[in-house]
Structures are given as structure tokens and as C-alpha cells.
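There are 4 protein chains.
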Amino acid sequence: MPDTLITSLQQAQRDFARERDWEQFHTPKNLAMALTVEAAELQEIFQWLRPDESAALTSAQRQHLGEELADVLLYLCRLADVCAVDLASAAWDKLRKNAEKYPADKVRGSARRHDG
Amino acid sequence: MPDTLITSLQQAQRDFARERDWEQFHTPKNLAMALTVEAAELQEIFQWLRPDESAALTSAQRQHLGEELADVLLYLCRLADVCAVDLASAAWDKLRKNAEKYPADKVRGSARRHDG
Amino acid sequence: MPDTLITSLQQAQRDFARERDWEQFHTPKNLAMALTVEAAELQEIFQWLRPDESAALTSAQRQHLGEELADVLLYLCRLADVCAVDLASAAWDKLRKNAEKYPADKVRGSARRHDG
Amino acid sequence: MPDTLITSLQQAQRDFARERDWEQFHTPKNLAMALTVEAAELQEIFQWLRPDESAALTSAQRQHLGEELADVLLYLCRLADVCAVDLASAAWDKLRKNAEKYPADKVRGSARRHDG
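Protein chains in written order, with our numbering: chain A, 1284 to 1399; chain B, 1284 to 1399; chain C, 1284 to 1399; chain D, 1284 to 1399.
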């Protein structure tokens, strides 16, 4: 199926970086660092919450979460673009691999064999 | 524009988790942790590479990168789904905010004012 | 008080890196990346555990945890050494700051005002 | 050799947490999350810096770095304490293992075989 979102975001990001002369900073290494930093900022929202609290976010927390999720997605798209990786294909391939690696009848309900 | 990729991935992930009785593990807190772990695994590819090396990956490194990018995207989609966050809207909102926060004529070429 | 552990570890790490000609890889940037990667590997141990499970580790999990804690400590010491930061002073300074920032009678029992 | 720093920090942190009734938040899982978040904040200092810039920090950047290093060390000590892991022994054990895993004459100058 056509992936209009990711390619559109990537095009917008290319323009954004070029207009600011920021392409020089967008090495794969730097973008990978930025991605992890954003993931950690997202994680920070949940850091001190109990599991039940993490599943019942306030409106302000959900707004904050949305922004952090967006930051992660944006760096992910940019990194994939800079490295010429097809994110959509990679995701479907990985889902298929996970289905083979974790047969439902073997891992049902078990966190120990859980990896995704 | 319609986002067929993310919603399709999320549907596939819902089925995947339900078939394995893994929904119990997919609290937002746990998924946020998993997202950071995958981002760090991705980052590890670039850890000891010089900037120029990070921009000239071998075929094996690109294959590995694709799998790690996929892992991040999958947890990102799952977390957004579990928290009922519209990832596409959040991303476009964030791009707009970044454009306002970093006017091209003020930040051109400057990493110090750079945040995305 | 004298800090014999950290300075001893740092001396051993200096020798280790020099003997392998790895000083070239130990830029502060690379070491900071390695530190985060090790922290994420440590975090992965707890990723799918419930809070009560995370407080009752098996012997194998504690052994694994010890190795990951060691990895984090080692990169922390190496990074501080390479950047000439006095880790012991920095830690005591931070404890003092935290005590001022979070007066016991104002934050008692509250995760919201919790930051350390 | 006696490790006075880590045990002293751990004692101070135990008092700190008890006085604020924060022991309830200091599950190993939460502390591991906090550790990664602090490592990522530290990493953020270096995110957009070139390798040479990362090795020539300004005074303000070094001050900032010291605080982030301290945050990581404090959570590391607290987590080890809560899980009853002897951090000093674990660090020396790991150094010994690394010396065996990476014989100087086999890995000299090679980042590919580099892991610590």
C-alpha cells in the first residue's frame, strides 16, 4: 500500500533542513543520538508512574506524549531518509519475522519469551 | 492525507498482541521502555563510527539499521495506539511548531539554536 | 573523603585504552553514546517485569544486572576522566542541590514533585 | 580497596529517600528508567557537536556535564543499593572480563572489535 505519510514528512523535513543549512548536522550518527534522546524524553513521562497510572494519562500528559511521539517519529523518518532505508518495507518485514520468531501457541501469555 | 501505513501496522500489532495474550505487557510504561531500548540498539550501530563512516554504511550495516528502524517504528505505533494518540496529526503539528520556533533566517547554519 | 575506587578504575581504564590504541575512539561524544547504550541494556532487564517482579530478581537476573551496572559505571568513569570532571565532587554537589530543591516537608510522598 | 565514596553516597541517598517517603517510587524498574533518562540528558550535550568540539567543551558545558554525570552516578548507586549489588566488585570483575575478551594484540586500533 502507498505510504503517503512518511514520504510526505520526509519531503517536508528535507526542505526544513535545507532552508536552515542544517544538513551538515544531520549525519546518521547525530540523528541516531537525537532519536534516543527523544525516546528518553518520552519515557520520562512514565518514569514514576505506576502501571495503572501510565494507562490513565491526564489530558496534559497525553498532549505532552503526543509531542514526544512526534519528535521520535520525525527523527526516525529523517534518519531513514538520510540512510535511504525504506521504513515501510522494513516494518512489514520485521512484523513477519516476529510472527515466525514468536509462534502464538508457544509464547502465549509469557513475558519471558516476549521481545516485541 | 490518509495514513494507511501507520493504521495498518497498528491493526496488525493489535492482532499480534491479542493472539499471544501479550496485551497485559503492553502498558504505556513498558512500551515506552521498549521504545528507548530499541532506539539505543539503533544508536549502537553508530557508536564508534566517525561521522564520515556513519554516512557510508556497508550493506550489512544498512540491513541491520533497517531492522532497528523498524523496531522503533513498531513500538512507536503500538504506544500511540494504546494511548489513542493520532501520530500523523502530532507529527504535522510538531513540524509546524518547529518552523515557528526556528525561523530559517535566524538559525541558519547554527547548531547552537538547533533542536530538530 | 578519599575516593579510591573511581580513581583506581580510571587508571586501569587509561591503561586498557592505551594498550589497545583505543584512545582515538574515546571521544566524549562516543563515550556518552556508549553510556546511554549500556543504560538501555540495563533497563531492558526490567522492561517487561511488573514492579513486584523487578523487586524480586532471580539469581541469574542479579548477576546480569551486576554486569550491566558495571558497564555503566565504567563508561561513566572513563567519560569523567576524559573530560577532567571530578565525579565525587559533582555527586556531592548534586545531592546538596537536590536537598534544597526538594525540601522534605514539601514533597513528602509526592511523585509529581519528584525528580531524583 | 575500601570504597568509601559509593557506600557514603548510598547512605546519604537512603536517608534522602526515607525523609521524603520516596522509597515507594524507587523500584528497580523505575530507577533503571531514571538512569537511562539521565544518560540521555548527558548525551544530549554532545548531540550536535563534531568530535573535535566534543573534546573542547566550554566552561559552561563542562559544568553542565558534571551535573549530568552526577545524576547518572547517583541513580546508579541507588539502583545498586536497592538491588544489593556490590558495584565495586562488579566493576573490577567486568574490567577483568574485558581484558580477556579483547586481548591487546588482537584488537589494537580496531573499532570493529571494540566494545568497551
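Ideal Cβ positions, reconstructed from N, Cα and C, are used throughout, including at glycine. All of these numbers come straight from a predicted model, not from anything done at the bench.
In the displayed model, B/ALA1339 falls within coil according to three-state DSSP, outside both helix and strand. In the DSSP assignment, D/TRP1375 falls within the alpha helix (DSSP H) that extends over 1370-1384. Here A/ALA1315 really is in contact with B/LEU1325; their C-beta atoms are around 6 Å apart, less than 8 Å.
Under the three-state reduction of DSSP, B/SER1291 is assigned to helix.
DSSP places B/LEU1332 in the coil class of the three-state scheme, outside both helix and strand. In its chain, beyond the 5 residues on either side, ILE1289 and ALA1363 have a beta carbon closer than 6 Å to the beta carbon of D/LEU1370. B/GLN1326: member of the alpha helix (DSSP H) spanning 1311-1327, first to last residue. Contact between D/ALA1300 and A/GLN1330 is absent: CB atoms are separated by about 15 Å, not below the 8 Å threshold. The residues GLU1321, GLU1324 and LEU1325, in chain order, have a CB closer than 8 Å to that of A/ASP1354 in the same chain once the five nearest residues on each side in sequence are set aside. A straight-line Cα-Cα distance of about 18 Å links B/LEU1378 and A/ARG1345. Here B/THR1310 is buried, its C-beta having at least 16 other C-beta atoms within 10 Å. In the structure shown, D/ARG1301 adopts helical secondary structure according to DSSP, grouped into three states. The beta carbon of C/GLU1306 sits closer than 8 Å to the beta carbons of ALA1300 from its chain, once the five residues preceding and following it are set aside; these are given in chain order. Close to chain B, meaning a Cβ-Cβ distance shorter than 8 Å, are the following residues of the stretch 1310-1328 of chain C: ASN1313, MET1316, ALA1317, THR1319, VAL1320, ALA1322, ALA1323, GLU1324, GLN1326 and GLU1327. Secondary structure note for B/ALA1367: it is in no alpha helix (DSSP H), with a DSSP letter that is neither H nor E. Apart from the 5 residues on each side of it in sequence, B/LEU1348 sits with its Cβ closer than 8 Å to the Cβ of LEU1325, ILE1328 and LEU1340 in its chain, given in chain order.
When the alpha-carbon of C/SER1342 is set against those of D/ALA1367, D/ALA1338, D/ASN1313 and D/SER1342, the nearest one is in D/ALA1367.
Counting along the chain, the unbroken alpha helix (DSSP H) around D/ALA1387 starts and ends at 1387-1390.
Under the Cβ distance rule, D/TRP1375 does not count among the residues neighbouring chain A, no pair being separated by less than 8 Å. Chain order gives the chain C residues near B/PHE1308 as TRP1331, where near means a beta carbon separation below 8 Å.
Under the three-state reduction of DSSP output, A/ALA1353 falls in the helix class. When 8 Å is used as the limit between beta carbons, A/ALA1295 is near no residue of chain C, the shortest such separation being about 28 Å. Nearest CB-CB separation between C/SER1337 and chain D: below the 8 Å threshold. Contact between C/ALA1373 and D/LEU1352 holds: CB atoms are separated by about 6 Å, below the 8 Å threshold.
At a cut-off of 8 Å between C-beta atoms, C/ALA1394 counts as an interface residue with respect to chain A. Under the criterion of beta carbons closer than 8 Å, D/SER1337 and C/LYS1312 qualify as touching, at roughly 4 Å. In this structure C/GLN1296 is buried. Its beta-carbon is surrounded by 16 or more other beta-carbon atoms within 10 angstroms. Setting aside the 5 residues that flank it on each side, B/LEU1292 is surrounded in the same chain by LEU1356, LEU1357 and CYS1360, each with a C-beta closer than 8 Å to its C-beta; the list follows chain order. Only those residues of the stretch 1335-1361 of chain B whose C-beta falls short of 7 Å from the nearest C-beta of chain A are listed: SER1337, ALA1338, LEU1340, ARG1345, LEU1348, GLY1349, GLU1350, LEU1352, ALA1353, ASP1354, VAL1355, LEU1356, LEU1357 and LEU1359.
If you draw a straight line from the Cα of A/ARG1303 to the Cα of B/ALA1382, it comes to about 10 Å. CA-to-CA, the gap between B/ASP1376 and B/LYS1384 works out to about 12 Å.
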